[in-house]
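These notes are about the structure you will find just below.
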Amino acid sequence: MAGGQRIATTVLKGERGEYGKQVIEHLASELTLAFGRGWSKQQLRHCLRFAETFPDLEIVSPLWRQLSWSHFKALIYVDDSLKREFYLTMALQERWPTRTLAERIDAQLYERTAISKKPEQTIRNELTALREQGPMSAPLLLKDPYVLDFLELNDSYLEKDLEDAILRDLQQFLLELGGGFTFMARQFRIQVDDDDYYIDLLFYNRKLKRLVAIDLKVGRFKPEYKGQMELYLRWLSKYEQEADENPPLGIILCAGKKQEQIELLELDEVGIHVAEYLTSLPPKAVLAKRLHQAMLDARQRLGGISEEEQ
135 MAGGQRIATT VLKGERGEYG KQVIEHLASE LTLAFGRGWS KQQLRHCLRF AETFPDLEIV
195 SPLWRQLSWS HFKALIYVDD SLKREFYLTM ALQERWPTRT LAERIDAQLY ERTAISKKPE
255 QTIRNELTAL REQGPMSAPL LLKDPYVLDF LELNDSYLEK DLEDAILRDL QQFLLELGGG
315 FTFMARQFRI QVDDDDYYID LLFYNRKLKR LVAIDLKVGR FKPEYKGQME LYLRWLSKYE
375 QEADENPPLG IILCAGKKQE QIELLELDEV GIHVAEYLTS LPPKAVLAKR LHQAMLDARQ
435 RLGGISEEEQ
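When we follow my numbering, the leftmost residue of the sequence shown carries the number 135, and every step to the right adds one.
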């Protein structure tokens, strides 16, 4: 907001530290006396932060018609500009209320999306395409890891236990999957020649316009899982995919994986996303460090890491 810029240039004149703190306190008192409530020290600090984060008012002005001041207060404290652009774009496209935006930031949604592992320019291109053209891409929606702590599983469980727990708390699982998912079936039977196969969970995503097959594994990812999922996807493409839909997508949820295996198998090229799931949530700082390192490692391998991130 323009008030933040005026405070920074006219009142503070570049001063910070203890002097700047005193000026803000004095200004807050004067404004409160003159105009009443709504001009606290904290509010003025929000205004300053907004001016520093969004210095170009011509760019930010159109956003005021779609986002509230509460949205902006959440966004201005996201320290990374690319991460902030992601949350800003998603809040606009998905029409997130303020509470949802704050929850997504707190849950480190950006760091868990597949897109965060891409080179920086690829991320910006995807976000620009989403703003200008509208359709959601799979990397913006898919996550790694998925946090399934709400299932409250014991330390030892079978794949059927995992599936049963998901279906008992399907609404929460749908929220964790992301926007646009609709549950279709469990143990969806397909027949190839005289053999029967069963897809653990079958969903449809209206944003991607794709059937989504989910395979649940209690152990680490194994290369042979690729062939199994490819069979599922090709069968779905042949017998279930509608003319106006995109090719089916496969998600293999595992307790662990080795990244080089995933890269060598080129799973992304055949529409398969391998992700870990967490049945218990580690401390926030531990998870943040792990996600940040995974993002840096992925970008390093792709040659898309910036000097600032290094």
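Every residue, glycine too, gets a C-beta built ideally from N, C-alpha and C.
Next item on the list: Just tell me which of TYR366, ALA225, LEU342 and PRO381 has its CA closest to the CA of SER202.
Entry: ALA225
Check: Any idea what DSSP makes of ASP278, helix, strand or coil?
Finding: coil
Check: Skipping 5 residues on each side, what residues in its chain have a beta carbon closer than 6 Å to that of ILE210?
Finding: ARG183, PHE184 and THR187
Item checked: Boundaries (first-last residue) of the beta strand (DSSP E) holding GLN267 -> Element bounds for GLN267: not the beta strand (DSSP E) but the alpha helix (DSSP H), 254-267.
Margin query: Just to confirm, is the Cβ distance from GLU400 to ARG344 under 8 Å?
Written below: no
Checklist line | Through-space distance from GLN305 to THR316, alpha-carbon basis | finding: 10 Å
Next item on the list: Could you name each continuous alpha helix (DSSP H) segment of 4 residues or more that falls completely within the segment 200-264, going from the start of the chain to the end?
Entry: 203-209, 215-228, 232-240 and 243-246
Note to self: According to DSSP, simplified to helix, strand and coil, what is MET363?
What the structure shows: helix
Checklist line | Between the CA atoms of GLU237 and LEU130 - distance to the nearest angstrom | finding: This structure cannot speak to residue 130, because the chain is shown only from 135 to 444.
Next item on the list: Would you check if the distance between the CB atom of GLY390 and the CB atom of GLU358 is smaller than 8 Å?
Entry: no
Check: Using the beta-carbon count (16 or more within 10 Å), is GLU403 buried or exposed?
Finding: exposed
Next item on the list: Just confirm the distance between the C-beta atoms of THR247 and LYS277, as a whole number of angstroms; I'd bet it's less than 8 Å.
Entry: 6 Å
Note to self: Using a Cβ distance threshold of 8 Å, determine whether the segment 264-278 contacts the segment 320-337, with at least three qualifying pairs required.
What the structure shows: no
Notebook entry, point to check: Expressed to the nearest angstrom, what Euclidean distance is found between the alpha-carbon atoms of ASP287 and VAL352?
Noted result: Looking at the sequence itself, residue 287 is Leu, so the reference to Asp does not match. Taking the straight line from one Cα to the other gives about 12 Å.
Next item on the list: Measure the CB-CB distance between GLY314 and ARG340 and report whether it falls below 8 Å.
Entry: yes
Next item on the list: Determine the burial state of TRP230: buried for a count of at least 16 other Cβ atoms within 10 Å of its Cβ, exposed for fewer.
Entry: buried
Next item on the list: Starting from THR413, follow its DSSP beta bridges and name the residues at the other end.
Entry: Answer by DSSP bridge pairing: none, since THR413 is not bridged.
Item checked: Neighbourhood of PHE260 by C-beta distance below 8 Å, restricted to the same chain and skipping five residues each side -> A small correction: the amino acid at residue 260 is Glu; Phe does not occupy that position in the sequence shown. Excluding residues within five positions, the ones whose Cβ falls inside 8 Å are ILE249, LYS252, SER271, PRO273 and LEU274.
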